[in-house]
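Novice: Just dropping this structure here.
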Amino acid sequence: MRKTALITGASCGLGYEFSKIFASEGYHLVLVARSEGKLYIMKEKLEKAYGINVYVCAEDLSKENAAKRVWDYVQEKKITVDVLINDAGFGDFGKFASSDWEKQYSMLQVNIAALTQLTHLFLKPMIERRQGKILNLASIAAFMPGPMMSVYYATKAYVLSFTEALSVELRGTGVSVTALCPGPTNTGFAKSAELGKSRIFKAFEKTTARSIAEYGYEALMTKKVVAAPSRKNKLTLLAVRILPRAVVRRIVYMIQK
Ligand SMILES: NC(=O)c1ccc[n+]([C@@H]2O[C@H](COP(=O)([O-])OP(=O)(O)OC[C@H]3O[C@@H](n4cnc5c(N)ncnc54)[C@H](OP(=O)(O)O)[C@@H]3O)[C@@H](O)[C@H]2O)c1
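In the working numbering, the protein residues as written are 1135 to 1391.
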C-alpha cells in the first residue's frame, strides 16, 4: 500500500523539491502552504506524472490553530500520515530593536509553534502504529547565535534541540525524527528574509534545493538524528565547537552585517 507524506512549505524551495522526491518514490502527498494556486498546479502535475493522490491544504501556519486545522483536514479525508516534513519557515534580516514585531511573531509561530504542534498531533498515531518518520527543518544557524537575524537563529536552535530531545524519547517506538541543518541554499528564503543587504548569502556558495532535499530524504530514511549536509558546513560546525562562544557570535555578526 502506498504511504502518505505531509509536507509543509511545499509551494516552493526545499518543500517543493521534497514533494517531487516523495511523489517519485510513490507516496501520496498532503501539501501545506499559503499559496493555494501553486499547490493546485503541483497537484495536477504530480498526480499526472506519478499516479498518486495529492491533497491541497492551504493554510497560513502563522495563524492561531492553523496546525490543528491541518490535522482536522487530514482526519476529515481519512488520511494516514506516515511521514511529516516540517519544512515551512522563514527569516528576517536586521537589528531586532528596529524589526517589525508582526513579522517576528509570525516567524515564532511558523518556525516553532506550528512545527511543534504538528509534531505533537501526528506523533501519537505514528507511535500507536509503531511506524513513522518526521523531518524538521533546522539550519546550520541552529548551532550559533545570529546577530542581525537573532530571532531566526534562535528558532532554529529550538528546532534542533527539540528534535534531538525527541529522538531519545522515541527510541524503541518505531518512529524516527531528523533535524536537517542546511547552510545557504538557493531558494526564495533570501528574498523573504530581506537578506539583500547581508553579506552572508554573498559570502557563501549556495547549494541547490534539489541536492539538499535529496540529502534530507536519505537522512530521514536512514533515521539520522542530526543531518548537516556538505563538507563546508561540517567545517563550520567544527569551528563553532572549538572557538569561544564570544568569538563565534562576533564572527557571525561580521559575516552577516
Ligand atoms: N534557503 C536556505 O538557505 C535555508 C537554509 C537553512 C534552512 N532553511 C529552512 O528551510 C525551510 C524552507 O525554506 P526555503 O529555503 O525552501 O525557503 P522558501 O523558498 O522561501 O520556502 C518557504 C516555504 O515555507 C512556506 N511558508 C512560509 N510562511 C508560511 C506560513 N505563514 N504558512 C504556511 N507556509 C509558509 C512558503 O509557502 P507560502 O509562501 O506559499 O506560504 C514556502 O513554501 C525553512 O524552514 C528555512 O528556515 C533554509
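Beta carbons are placed, not taken as given, at the ideal position from N, Cα and C, and that holds for glycine. Note that the structure is predicted; figures quoted are calculated from it, not measured.
Indicate whether the contact test is met: 3 or more Cβ pairs, each with one atom in the region 1251 to 1261 and one in the region 1193 to 1210, closer than 8 angstroms.
Specialist: Cβ pair count under 8 angstroms is three or more, so yes.
Novice: Return helix, strand or coil for Ser1332, following the three-state DSSP convention.
Specialist: It is coil, neither helix nor strand.
Novice: Which of helix, strand or coil does DSSP assign to Ser1186?
Specialist: For clarity, residue 1186 is Ile in the given sequence; the question names Ser instead. If DSSP states are grouped into helix, strand and coil, Ile1186 belongs with coil.
Novice: In chain order, which alpha helix (DSSP H) runs of at least 4 residues are fully inside the region 1155 to 1236?
Specialist: Whole alpha helix (DSSP H) segments, 4+ residues: 1170 to 1184, 1200 to 1210.
Novice: Does ligand 1 have even one heavy atom less than 7 angstroms from the beta-carbon of Thr1214?
Specialist: No, the beta carbon of Thr1214 sits no closer than 7 angstroms to any heavy atom of ligand 1.
Novice: I need the straight-line Cα distance from Ser1332 to Leu1377, nearest angstrom please.
Specialist: In a straight line, the C-alpha of Ser1332 is about 23 angstroms away from that of Leu1377.
Novice: Taking the straight line between their C-alpha atoms, what separation do you get for Gly1306 and Met1241?
Specialist: Each residue's alpha carbon lies about 33 angstroms from the other.
Novice: Are the CB atoms of Pro1316 and Phe1338 nearer to each other than 8 angstroms?
Specialist: For Pro1316 and Phe1338, no; Cβs fall outside 8 angstroms.
Novice: Is any heavy atom in ligand 1 found nearer than 7 angstroms to the beta carbon of Cys1146?
Specialist: The answer is yes for Cys1146.
Novice: Mind the definition here: the region 1285 to 1298 touches the region 1220 to 1228 only if three or more C-beta pairs lie below 8 angstroms; say whether that holds.
Specialist: Touching, yes, given that three or more Cβ pairs across the two stretches are closer than 8 angstroms.
Novice: If you compare alpha carbons, which of Leu1180, Glu1181, Ile1186, Tyr1174 is closest to Ala1192?
Specialist: The shortest Cα separation from Ala1192 among Leu1180, Glu1181, Ile1186, Tyr1174 belongs to Tyr1174.
Novice: Would you identify the three-state DSSP class for Met1380, choosing helix, strand or coil?
Specialist: Before going on, a small fix: residue 1380 reads as Ala here, not Met. DSSP places Ala1380 in helix when its eight states are reduced to three.
Novice: Any contact between the region 1288 to 1303 and the region 1271 to 1279? By contact I mean 3 or more CB pairs, one from each, below 8 angstroms.
Specialist: Yes: at least three Cβ pairs fall under 8 angstroms.
Novice: How would you label Met1388, buried or exposed, when you count the other beta carbons within 10 angstroms and need 16 or more for buried?
Specialist: It is exposed - the Cβ of Met1388 has fewer than 16 other Cβ atoms within 10 Å.
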